[in-house]
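S.K.:
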Amino acid sequence: MKRTLLVCCGTGCLANGSEQVVQALENAINKMGVMGQIEVKAHIKRTGCNGFCENGPIVQILPDDISYYKVKPHDAQDILSALQENKVVERLLYKNENGERIKSKLENPFYKPQYKIALRNIGEIDPGNIEDYISRGGYEALTKALNMSGSEIIEQVELSGLRGRGGAGFPTGRKWRTAAGYDVFPKYVVCNGDEGDPGAFMDRSILEGDPHSVIEGMAICALAIGATEGFLYIRDEYGLALKNVNAALASALELGFLGKNIMGSGKALNLSVVRGGGAFVCGESTALMASIEGRVGEPRAKYIRSVQRGLWDCPTVLNNVETFANIPVIIRDGGPLYATLGTKTSSGTKVFALVGKVKRTGLVEVQMGATLRHLIFDIGGGIIDDRPFKAVQTGGPSGGCIPSAMLDLPVDFDTLTQYGAMMGSGGMIVMDDRDCMVEVARYYVKFLTEESCGKCTPCREGLRHMLDILTGICEGRGQDGDLELLEQLCQTIAESSLCALGKSAPNPVLTTLKYFRDEYEAHIHNKYCPAGVCSKLTTFVIEKNKCKSCGLCKKNCPVNAIRGEKGQAYEIDQRSCIACGSCRQACRFEAILAQGRAQK
Amino acid sequence: MNIVIDGKSCTCEPGEFLLEVARRNGIYIPTLCNHEGLLGQGCCRVCIVEVVERGWSKTVVSCIYPVLNECEVHTNNEKIKQQRGIILRLLQKRAPQSEIIAALCKAYSAPALDKLNEKDGKCIICGLCVRACSTLGAGAIATVNRGITKEIAPPFNEPPADCIGCGSCARVCPTKAIEYHENETTRTVWEKTFTLVHCASCGAQMGTQEELNFAAEKAGTEPSTLCDACRKKQLALVMADVYSAT
Ligand SMILES: Cc1cc2nc3c(=O)[nH]c(=O)nc-3n(C[C@H](O)[C@H](O)[C@H](O)COP(=O)(O)O)c2cc1C
Ligand code: SF4
Ligand code: SF4
Ligand code: FES
Chain A
79 MKRTLLVCCG
89 TGCLANGSEQ
99 VVQALENAIN
109 KMGVMGQIEV
119 KAHIKRTGCN
129 GFCENGPIVQ
139 ILPDDISYYK
149 VKPHDAQDIL
159 SALQENKVVE
169 RLLYKNENGE
179 RIKSKLENPF
189 YKPQYKIALR
199 NIGEIDPGNI
209 EDYISRGGYE
219 ALTKALNMSG
229 SEIIEQVELS
239 GLRGRGGAGF
249 PTGRKWRTAA
259 GYDVFPKYVV
269 CNGDEGDPGA
279 FMDRSILEGD
289 PHSVIEGMAI
299 CALAIGATEG
309 FLYIRDEYGL
319 ALKNVNAALA
329 SALELGFLGK
339 NIMGSGKALN
349 LSVVRGGGAF
359 VCGESTALMA
369 SIEGRVGEPR
379 AKYIRSVQRG
389 LWDCPTVLNN
399 VETFANIPVI
409 IRDGGPLYAT
419 LGTKTSSGTK
429 VFALVGKVKR
439 TGLVEVQMGA
449 TLRHLIFDIG
459 GGIIDDRPFK
469 AVQTGGPSGG
479 CIPSAMLDLP
489 VDFDTLTQYG
499 AMMGSGGMIV
509 MDDRDCMVEV
519 ARYYVKFLTE
529 ESCGKCTPCR
539 EGLRHMLDIL
549 TGICEGRGQD
559 GDLELLEQLC
569 QTIAESSLCA
579 LGKSAPNPVL
589 TTLKYFRDEY
599 EAHIHNKYCP
609 AGVCSKLTTF
619 VIEKNKCKSC
629 GLCKKNCPVN
639 AIRGEKGQAY
649 EIDQRSCIAC
659 GSCRQACRFE
669 AILAQGRAQK
Chain B
403 MNIVIDGKSC
413 TCEPGEFLLE
423 VARRNGIYIP
433 TLCNHEGLLG
443 QGCCRVCIVE
453 VVERGWSKTV
463 VSCIYPVLNE
473 CEVHTNNEKI
483 KQQRGIILRL
493 LQKRAPQSEI
503 IAALCKAYSA
513 PALDKLNEKD
523 GKCIICGLCV
533 RACSTLGAGA
543 IATVNRGITK
553 EIAPPFNEPP
563 ADCIGCGSCA
573 RVCPTKAIEY
583 HENETTRTVW
593 EKTFTLVHCA
603 SCGAQMGTQE
613 ELNFAAEKAG
623 TEPSTLCDAC
633 RKKQLALVMA
643 DVYSAT
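Protein sequence lines correspond, in order, to chains A and B. Going by my numbering, 618 is the number at position 540 of the first sequence; the sequence numbering is gapless. Going by my numbering, 584 is the number at position 182 of the second sequence; the sequence numbering is gapless.
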């Protein structure tokens, strides 16, 4: 039996040393081959991100269906020996909540509830090998599309109900239909791979792990609207994505899926990569196009849309990476089948980057309409150390904070928006009782003051003033009227900013004001931070009777403010303490208490 | 076509900017970054108005909003007044020394947001000066940084090497933020002093030598020593000579 060893080489696993694991496995195989044990023909593929990054490097063995986690180079010998004896290395298997070891990837509680379309090939194929992609049905959809008219292709996309995954959820079929309707040439197809939300890595994983799915999606779009030229705009920091996409473009060209004469059809498409400058605002459609044209990446007023006048004033379709990755499946299996997934108004699946205070973090793809509870508690396994859940920030800086009372809301384009948040592009940051919601709002506003292009007054000056107010509140200088002024600023910024960065910038502030107003009030009126985060308002003390004198707090204190020795309760020297909270995070016995300063 | 602005019916061409239509009909909307020679800015946002179109209400900036459908426009209702007030207060925080902004704040009863930092000057970072300079071709100044640290600056924060002293930046600036001095013989802008050239015939001021050189280079001629009027006069004399000779 020929066995395949799949070693994940996504950015996360690479950082954890998967190159060395590949080396060690290769060495061990060579060594054993010399010893004459020829039944095991292990074969190593370099696969893209598996999405379960914190447990990497991940090694999957097919067809045995064994998945090993946190594999180190010195495990290579054990893995291969066990394989020869048809055994598994227990210690490398995933351990679930009940302490059971799980052999199959599909039985792993992180993967089991997932439904993969956009991530269908990730972790299963070598992104550097086009044959791998083809062997899993790749480029079948393009072949099919070449025998369809543009209008027929668009009809399938319309029937699928697919909506843009970049955040706004605009119906993809309608966008394509509009662009197809203009008789102005050339037309362009552009893929938005700028992904600047803090904490998001959905698009990066697709570009790294399955670049052909995006290229095929773009090629189908080009056929549908009549474009002959296209660009993939990819953030400059995404080194591996850039490398894999460039390699994939070259091999697609070589096999005739791109170029002057696509698969002998006489149709042409030239795709190239543009490196984004790394500014968050360059993900905004008009700024992105300005940047591709070589101008400053600043948005312009969108009273005329870019499907009509986009790149170089020509009709342009801009879609997100994940949107394009869905297209081949829709064309291959038909729009109506895709529409059966998810909810009525938000069909299909969505990829989320689940991070923060959740036990299992990583990339998750589920059908639209899954509840937040399902994502955070079933797939994510709940909150680290079983602390109380406080909020989840969805949609990045344009999204909002959703409280526990709303955990049963389905996640789709429309529901969260009704509550002031937004599904957005799929970032999902889980927070517990030790996260301060005023500080969270301040963090996002700070991020945006740096990322706003600075062109229009409400966004540039409004965010600056909001940051001043929020910083004041966090530092104990909050006063009556602050919250009302914040609300007025939010309204003005949301309505009168030039682009969607400014228009959505108030969301984190508005949602925290709406759902966690008592926290703001505690900061302003009692000069107290209930979560014990805002350092100017917090002191930490060690409760003598709970301290087991393990010394972990002392080890974690960055300024050496903790004294103590074995057998005695430790103590914090308040004069040198900077109230960073590292000790409280480190303590396993809940012995460190956050108190207000005013109460002292 | 017809639209209704503040209750008044106004005729306009499809695609015309809302601000123009309003102005033609005697309806005042305050503006800062709008300049007829450099259209399409739309960044100061003081000219916001509410547009109600087929039952949908939206806030738009009138200086660059093309009228395409019948609509009802409110240039100064409570909502717009409040938001414009906030925008003016924010601009005042940025440019506390600007008289025009102070005057607008007063007109819209917009009190200062907090204690103004007088060091902050007059510039509202609308970018008109940069566009003026690059449109005429010199490209001596630029915006630097983004977000709240954005500012207008010559390269390296030194007097700009490419500046020809034409003063267009200072003239388009809505808040008079660019210092500009002129006497009989010199002109100073961006801390750079230029010698002014006078017409060899009538003595009228013709601008800086750098300006004349720049224009000549663009036209592929030698810098002129006569002002436009005298040059025309001279040309007429030459022509007269030519005709009388025939
Ligand atoms: C500030 C800002 C940043 C954005 N960043 C991204 C991004 O990184 N990736 C993306 O696909 N869309 C981003 N968008 C949304 C795009 O403007 C655009 O709507 C999207 O790419 C359209 O593709 P879709 O219809 O497939 O979602 C951003 C929008 C704004 C306002
Ligand atoms: S809203 Fe912000 S990012 Fe958008 S144009 Fe205005 S300043 Fe630039
Ligand atoms: S100097 Fe004047 S014209 Fe230039 S950006 Fe500032 S306010 Fe605008
Ligand atoms: S005058 Fe219209 S936005 Fe500045």
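A virtual CB, placed ideally from N, CA and C, is assigned to each residue, including glycine. Please read all numbers here as calculations on a predicted model, not as lab measurements.
(1) CB-CB under 6 Å to MET113/A, same chain, minus the five flanking residues each way: which ones, in chain order?
(2) Considering just the uninterrupted stretch of the alpha helix (DSSP H) at ALA544/B, what are its terminal residues?
(3) Mind checking if GLU529/A is an interface residue toward chain B, Cβ cutoff 8 Å exclusive?
(4) Report yes or no: do the stretch 500-516 of chain B and the stretch 555-575 of chain B share at least 3 C-beta pairs separated by less than 8 Å?
(5) Is the beta carbon of ALA431/A sitting closer than 8 Å to the one on GLY473/A?
(6) Give me the Cα-Cα distance between VAL429/A and ILE195/A, rounded to the nearest whole angstrom.
(7) Could you pull out every residue in the same chain whose Cβ sits closer than 6 Å to the Cβ of VAL267/A, ignoring the five residues on either side in sequence?
(8) Three or more C-beta pairs closer than 8 Å, one from the stretch 243-261 of chain A and one from the stretch 335-347 of chain A: is that the case here?
(9) What is the residue span of the alpha helix (DSSP H) that ASN404/B lies within?
(10) As an exercise, report each continuous alpha helix (DSSP H) stretch of at least 4 residues that is fully enclosed by the stretch 455-499 of chain A, in chain order.
(11) Using DSSP with H/G/I as helix, E/B as strand and the rest coil, what is MET544/A?
(12) Determine the DSSP secondary structure at GLU584/B, reduced to helix, strand or coil.
(13) Got a sec, what are the start and stop residues for the alpha helix (DSSP H) TRP254/A sits in?
(14) If the criterion is Cβ atoms closer than 8 Å, does the pair VAL359/A and ALA368/A meet it?
(15) Does at least one heavy atom of ligand 2 sit under 7 Å from the Cβ of VAL359/A?
(16) By the three-class DSSP mapping on this structure, what secondary structure does ASP446/A have?
(17) Could you tell me the boundaries of the beta strand (DSSP E) in which SER343/A lies?
(18) Is the stretch 564-580 of chain A touching the stretch 529-542 of chain A, taking contact as three or more C-beta pairs under 8 Å?
(19) With C-beta atoms as the reference, is VAL137/A less than 8 Å away from LEU184/A?
(20) Quick one: Cα of LEU92/A to Cα of LEU320/A, how far?
(21) What residue ranges within the stretch 531-575 of chain B form continuous beta strand (DSSP E) runs of no fewer than 3 residues, ordered along the chain?
(22) Among the residues of its own chain, which have a CB less than 7 Å from the CB of ALA657/A, if the five just before and after it don't count?
(23) Identify which residue in VAL463/B, GLU418/B, GLU472/B, VAL451/B has its Cα closest to the Cα of GLY457/B.
(24) Regarding GLN443/B and ligand 4, is the C-beta to nearest heavy atom distance less than 7 Å?
(25) Please compile the residues from chain B whose C-beta is within a distance smaller than 8 Å of the C-beta of GLN566/A.
(26) If you drop the 5 nearest sequence neighbours on each side, which residues of the same chain put their C-beta closer than 8 Å to that of GLY529/B?
(27) Tell me which residues share the same chain as ILE450/B and place their Cβ nearer than 8 Å to its Cβ, disregarding the 5 neighbours each side in the sequence.
(28) Does DSSP put SER458/B in a helix, a strand or coil?
(29) Please list, in chain order, the chain A residues whose beta carbon lies closer than 8 Å to that of CYS445/B.
(30) Please give the ranges of any alpha helix (DSSP H) in the stretch 292-356 of chain A, keeping only runs that are unbroken, at least 4 residues long and fully inside the region.
(31) Under three-state DSSP, which class holds ARG555/A?
(32) For a contact defined as C-beta to C-beta under 9 Å, what are the partners of LEU541/A on chain B?
(33) Name the one or two DSSP bridge partners that ARG589/B has.
(34) Can the beta-carbon of ALA417/A be found closer than 8 Å to that of SER238/A?
(35) So the candidates are ARG425/B, HIS476/B, CYS507/B, ASP516/B; which of them puts its Cα closest to the Cα of GLY559/A?
(36) Quick test of the definition: if touching needs 3 or more C-beta pairs under 8 Å, does the stretch 521-532 of chain A touch the stretch 530-540 of chain B?
M.R.: In terms of the structure at hand:
(1) With a pLDDT of 48 at MET113/A, under the threshold of 50, the modelled position of this residue cannot be trusted, and the question is left open.
(2) Looking at the DSSP string, ALA544/B is not in any alpha helix (DSSP H); the run it does join, the beta strand (DSSP E), is 544-546.
(3) yes
(4) Contact annotation: the stretch 500-516 of chain B does not touch the stretch 555-575 of chain B, with fewer than three C-beta pairs closer than 8 Å.
(5) If you check the CB distance, ALA431/A and GLY473/A do not come in under 8 Å.
(6) 9 Å
(7) Cβ within range, chain order: MET296, CYS299, ALA300, ALA305, GLY308, VAL395.
(8) no
(9) Taken as a continuous stretch (DSSP letters only), ASN404/B belongs to no alpha helix (DSSP H), being part of the beta strand (DSSP E) at 404-407.
(10) 493-496
(11) If DSSP states are grouped into helix, strand and coil, MET544/A belongs with the helices.
(12) Looking at GLU584/B - three-state DSSP - the assignment turns out to be strand.
(13) 250-259
(14) no
(15) It does: the Cβ of VAL359/A is within 7 Å (strictly closer) of some heavy atom of ligand 2.
(16) Correcting the residue identity first, residue 446/A is Met in this sequence and not Asp. Coil, per DSSP.
(17) Run containing SER343/A: none; DSSP gives neither H nor E here.
(18) At 8 Å Cβ cutoff, the stretches touch.
(19) no
(20) 16 Å
(21) 544-546, 553-555
(22) Answer for ALA657/A: SER613, THR616, THR617, PHE618, listed in chain order.
(23) GLU472/B
(24) Ligand 4 approaches GLN443/B closely enough that one of its heavy atoms is under 7 Å from the residue's Cβ.
(25) GLN484, ILE488
(26) CYS435, GLN443, CYS445, THR545, ILE554
(27) THR461, VAL462, VAL463, SER464, ILE482, GLN485, ARG486, ILE489
(28) It should be noted that the sequence gives Trp, not Ser, for residue 458/B. The answer is strand: DSSP assigns TRP458/B an E or B state.
(29) Among the residues of chain A, those whose CB is under 8 Å from the CB of CYS445/B are LYS533, CYS534, THR535, LEU576, following chain order.
(30) 317-332
(31) coil
(32) GLY549, ILE550
(33) GLU584/B, PHE596/B
(34) yes
(35) Out of ARG425/B, HIS476/B, CYS507/B, ASP516/B, ASP516/B has the C-alpha closest to the C-alpha of GLY559/A.
(36) no
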